[in-house]
Amino acid sequence: MNVVTPPEKLTPKDFATDQEVRWCPGCGDYAILKGVQKTLADIGARPENTVFVSGIGCAARFPYYVKTYGFHTIHGRAPAFATGLKLANPDLDIWVVSGDGDALSIGGNHLFHLLRRNVDLQFLLFNNEIYGLTKGQYSPTSRQGTRSPSTPWGSLDNPASAAVFALGAGARFVARGIDSNQKHLPGVLARAHAHKGTSFVEIFQNCKVYNDGVFENFTGRDVAADQQIYVEHGKPLTFGKDGEKGLRLNTQTLALETVVIGENGVTEADILVHDETNKMIATLLAHMDPPTMPVALGVLYCAPGQSYDDEVTDLVRSHTPAEKPDFNKLLRAGRTWTVD
Amino acid sequence: MSNTALAEKPTDPSQRETVESAVVRFAGDSGDGMQLTGGQFTLATAFAGNDLSTFPDFPAEIRAPAGTTFGVSSFQINFGSRVIKTAGDAFDMLIAMNPAALKVELGGLKQGGVIIADTGSFGERDLRKAGYDSNPLEDGSLQGYHLVALDISKLTMEAVKDTGLSKQEALRCKNMWTLGFVYWMYGRDRKPTADWLIAKFGKRPDVAAANVAAMDAGHTVAETMELPDGVHGFHVDAADIAPGTYRTVTGAEALAWGLAAGTHLADIKMVFASYPITPASQLLHSLSKMIDHNVVTFQAEDEIAAACAAIGASFGGSLGVTSSSGPGIALKTEAIGLAISTELPMIIVNSQRAGPSTGMPTKTEQSDLYQAVLGRNADSPLCVLAARSPADCFDVAIEAVRIAIKYMTPVFVLTDGYIGNAAEPWNIPDINDYAKIPVNFRTDPEGFHPFLRDDDTLARVWAVPGTPGLEHRIGGIERDYDSGNISYDPGNHQKMTDTRFAKIAGIAKDIPDQGVEDGNTSGKLAVVGWGSTYGPISRAVANLRAQGLDVSHIHLRHIWPFPENLGDLLKGFEQVLVPEMNHGQLVNVLRAEYLVPAEGLNKVSGQPFKIIEIEDAIRARLET
Ligand SMILES: Cc1ncc(C[n+]2csc(CCOP(=O)(O)OP(=O)(O)O)c2C)c(N)n1
Ligand code: SF4
Ligand SMILES: [Mg+2]
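For the record, the sequence lines run as chains U and B.
Just so you know, we're using my numbering here: the first sequence kicks off at 56 and counts up by one.
Just so you know, we're using my numbering here: the second sequence kicks off at 10 and counts up by one.
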């Protein structure tokens, strides 16, 4: 008789490699690595079945530090590599790690198609609003006016919003977290993992060396309560130190606005309740920017649909004959003739 | 599977002129269905037991304006009772469905050749569109040829008038009328085409019946009309063909089957990732239908994604294959470097076309040899193979799979637009005659690291995700020889670079010595070819050897690494001539490798070599 021994429970440490971590001291990537290792332990991930895939950048060094399978590909192309890997073996549990440049500049096309296809994997975008690895040039998420070696007078182009892009591309799971918020991040990552299809998670990550403090306007101790809103499905969208603030839908402008409960006749009943299956709400939340609106964190959108790999698997299954087909028959299908 | 026996006896050969071979070119407007017509003539000719070779030549425009010279679509076939190696130089018979076709193709017709022209399409407007001031069918300018001028349009309309088709639909049967006529000229059996028409138009029996009626009518007219002086029926004896079951194949089909045969022999899944481009798309189409043979196809968002998906698939334990033409291959370059450095099996098929840049997408060329052998950043060796003919694509593809897996390396397969579209009869092999391709996925964690190598082949282990105890992390950053971990150590980089070279160079020990196709193994002149120049070179060399010239033909399948004996072989010849459809690529690699005084013979017109062009070049070197 076969005795099935349940796999031993792994701890975050079991997901750490012996490789020396090469990020700068104080880099937000350390915190994310910790959060991911904790998540892997929490969800009971099997190292042999888990693959971390990345492109190029500081963030993309990530796979070397996670004791699972890992592949450090080329700049921007991790989504394409991961799609091929998933087609080869749909049972693998794949995490893609990418930076804002990797995901939205050179790899923007691939990310768009990954999301559109809804390949079943977790896509983590470490947004530090800068090109870290190449020493600090501005990136597609850098705010206008960002001074960098390539924009000494300040950047001119409009930044992209990663979450808005993802929703536009057809992502069915969009969430946000902050590197330093270790209480929150593992929960978001676990939700991403539980979702079938591409789970897109934007993580605000501090680049200590080239863009230190760029998120202070909403992560700073003194402003966090008023500039962040942690959204939860089925709960009213409130924030502020005592939860006194909330988001209300202005039905005239079809926009969200910040209100204070108890002021100007606003009651709790006026506050919009978060529905993570509602794409319009998710889009409105993703568009919010400080200082006029808080930054939305947590699971903005979750509306499962069939994943591409599942569809491929179903199609293959429906065409696979019970017995291995005779290759000679394939070669002889159609018009043939015999010479004696 | 249908075995078509020769049901209908062709008309009495004794009343026909027997010829050893013939070249026929069907030419018409893009909308005239010349490719279909040629395809049917090919089948009927194969069933008649002739050897044959075809050359479809069509415009890049999907629907070029009707009647224009750039909208001309042609199909050439060379068939005979002897071995046929090319689609033929000058043609014996030209079918011109409109003035533009006549204008474009007349130059290729032999003096005294037969022209079959549809006078119904030679109206004033048609002539003007083709740039004729007067009607060539009437102004005497075709003296020196045998002209069969018939109002095919009208005759077709009459033949199908009882089928109830609209005028437009009825006129579309013109090509079958013409085919019936040409069938009589060469004593071909109509039945396979009739069967095919009935199957093709299964839902429109009226259309099927009309097409069959048109074909029969064309045949009857040829049989009963008084043909102009000097025009008569021909007979081509069956060729002496090895026994076996045959089919016609194009290069694209043979390549698809060969790749699938390779993964079948290796017993692994193929993940084929590609982005459409002419003339490579055909491979994607063919493989997409093989879903029941453990083939998954993926139409990626671009060529970069296709290459990366293939690499991902190979990391996952499938064989990743990607395919494109020159411009798309250029996009894959960085990814191919990743496959080289992570030492994963991968196949990259390049269906070469005329370039640079967009060039001439539907025209053939061999100008990506440098790109395959050398075209990457850094020292990045890989294996390059080239197919010489449509049927050869099958074996080359299997060889590519074998090398990719055995040596854990990307392998380039070079084919071209000509091979891809051209068809030839193929003695269908038995898959059981091919050696299995062993795949050894590592499972033992004991002593494992991802860059453990086989002592003999230097191939690294293939360890796929999902295997307990083999978790490892690799990527494009240089890896330590002894652990596979990231390494910036100078000595290690030297060692890894040397090892990557030695691994690819070592493939030379595992491939056959280079043989001589025709002629002696030393002598005055060796003609060295690769890829689709095989046909014209072999015919030219055979012709001139029959005339007593000391010339040999050497044809390379293994472009990189070269077979071990190639240098010595070439040094046995006083002169080496390398015909290529490029500005000189293999010739320079040979010169660089072996310091031999090889000379190029180069043609970049988008058209294959003519036999005569190669003969002339050989004569110029041997008859001084
Ligand atoms: C084809 C290619 N182009 C450019 C580079 C150089 N490069 C490496 S990382 C990078 C930007 C990385 O920025 P991001 O993705 O935001 O990652 P971060 O370093 O900030 O984590 C660039 C431009 C490269 N490695 N490959
Ligand atoms: S450059 Fe910035 S993102 Fe990169 S490791 Fe250093 S702190 Fe982190
Ligand atoms: Mg960045």
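C-beta: ideal position from N, C-alpha, C; glycine also.
The model shown is predicted, which means the values in this text are computed figures rather than measured ones.
Going by beta carbon distance, what residues of the same chain come within less than 6 angstroms of residue i, once the five residues before and after it are set aside?
{"i": "B:Y154", "result": "G122 and I124"}
{"i": "B:A363", "result": "M369, K372, E374 and G615"}
{"i": "U:A377", "result": "none"}
{"i": "B:I286", "result": "S333, S334 and G337"}
{"i": "B:A203", "result": "V221"}
{"i": "B:A223", "result": "T165, A168, V169, C182, M185 and W186"}
{"i": "B:P65", "result": "Q44, F84 and N430"}
{"i": "U:A224", "result": "F167, L170 and R171"}
{"i": "B:S350", "result": "G485"}
{"i": "B:G326", "result": "V473"}
{"i": "U:A137", "result": "V108, I149, V151 and L176"}
{"i": "B:Q24", "result": "none"}
{"i": "B:N12", "result": "Residue confidence for B:N12 is low, a pLDDT of 39 falling below 50, so the modelled location carries little weight and cannot support an answer."}
Which residues in the same chain have their Cβ closer than 8 angstroms to the Cβ of residue i, if we skip the five residues on either side of it in sequence?
{"i": "B:E70", "result": "S39, F79 and G80"}
{"i": "B:N359", "result": "A289, S332, S333, S334, G335, I338, D377, Q380, A381, F421, V422, L423 and T424"}
{"i": "B:Y255", "result": "A55, P434, W435, N436 and I437"}
Compute the minimum distance between the beta carbon of residue i and the heavy atoms of ligand 1, and state whether it is under 7 angstroms.
{"i": "U:F273", "result": "no"}
{"i": "U:N183", "result": "yes"}
{"i": "U:G268", "result": "no"}
{"i": "U:T128", "result": "no"}
{"i": "U:I87", "result": "no"}
{"i": "B:I313", "result": "no"}
{"i": "U:I161", "result": "yes"}
{"i": "B:T257", "result": "no"}
{"i": "U:T189", "result": "yes"}
{"i": "B:E634", "result": "Only positions 10 to 633 of chain B appear in the structure, and residue 634 of chain B is not among them; the question remains open."}
{"i": "B:E343", "result": "yes"}
{"i": "B:I286", "result": "no"}
{"i": "U:I111", "result": "yes"}
Between the Cα of residue i and the Cα atoms of the options, which residue gives the shortest distance?
{"i": "B:P411", "options": "B:T351, B:S398 and B:D276", "result": "According to the sequence as given, residue 411 of chain B is Arg; it is not Pro. Selected option, being the one with the closest Cα: B:D276."}
{"i": "B:A431", "options": "B:T373, B:F450, B:R451 and B:H481", "result": "B:T373"}
{"i": "B:Y543", "options": "B:V587, B:G89, B:A322 and B:G346", "result": "B:V587"}
{"i": "U:D175", "options": "U:G99, U:K141, U:I258 and U:D84", "result": "U:K141"}
{"i": "U:I258", "options": "U:E75, U:D84 and U:K64", "result": "U:D84"}
{"i": "U:T308", "options": "U:A100, U:A137, U:L339 and U:E331", "result": "U:L339"}
{"i": "B:Y416", "options": "B:D464, B:D401 and B:V382", "result": "B:D464"}
{"i": "U:T123", "options": "U:F70, U:Y363, U:V229 and U:T332", "result": "U:F70"}
{"i": "U:H165", "options": "B:Q308, B:E352 and B:T530", "result": "B:Q308"}
{"i": "U:T196", "options": "U:D157, U:L386, U:E318 and U:R227", "result": "U:D157"}
{"i": "U:R372", "options": "B:G42, B:I345 and B:D301", "result": "B:D301"}
{"i": "U:Q283", "options": "U:E318, U:H239 and U:D212", "result": "U:H239"}
{"i": "U:P359", "options": "U:T375, U:L211 and U:N333", "result": "U:N333"}
{"i": "U:P349", "options": "U:K296, U:R77, U:D365 and U:H288", "result": "U:K296"}
{"i": "B:P108", "options": "B:T95, B:L151 and B:L174", "result": "B:L151"}
{"i": "U:G90", "options": "U:A143, U:Y120 and U:E63", "result": "U:Y120"}
{"i": "B:A248", "options": "U:D369, U:V394, U:E318 and U:L180", "result": "U:V394"}
Would you check whether ligand 3 has a heavy atom nearer than 7 angstroms to the C-beta of residue i?
{"i": "U:S194", "result": "yes"}
{"i": "U:G232", "result": "no"}
{"i": "U:D155", "result": "yes"}
Quick one: residues in its chain with C-beta nearer than 7 angstroms to the C-beta of residue i, no 5 flanking neighbours on either side, listed in chain order?
{"i": "U:F418", "result": "Given that chain U is displayed from residue 56 to residue 395, the structure contains no residue 418 of chain U and the question cannot be resolved."}
{"i": "B:K18", "result": "Model confidence at B:K18 stands at a pLDDT of 37, short of 50, so the residue's coordinates are unreliable and nothing is read from them."}
{"i": "U:S205", "result": "Q192 and Y193"}
{"i": "U:L147", "result": "N104, V106, L140 and K141"}
State yes or no: is the beta carbon of residue i nearer than 8 angstroms to at least one beta carbon in chain C?
{"i": "U:T306", "result": "Of the protein chains in the structure, U and B, none is chain C."}
Around ligand 2, Cβ to any heavy atom closer than 5 angstroms, ordered along the chain: U:W78, U:C79, U:C82, U:C113, U:G187, U:C262, U:K263 and U:V264
Runs of beta strand (DSSP E) lying entirely within the stretch 273 to 311 of chain U, each at least 3 residues, in chain order: 283 to 286 and 300 to 305
Within the stretch 33 to 80 of chain B, ranges of the alpha helix (DSSP H) (whole runs, at least 4 residues): 43 to 56
Inside the stretch 332 to 361 of chain U only - alpha helix (DSSP H) runs reaching at least 4 residues: 334 to 341
Beta strand (DSSP E) segments (min. 3 residues) lying fully within the stretch 215 to 287 of chain B: 253 to 259 and 279 to 283
Ordered list of beta strand (DSSP E) runs contained in the stretch 474 to 559 of chain B, each at least 3 residues: 482 to 484 and 532 to 539
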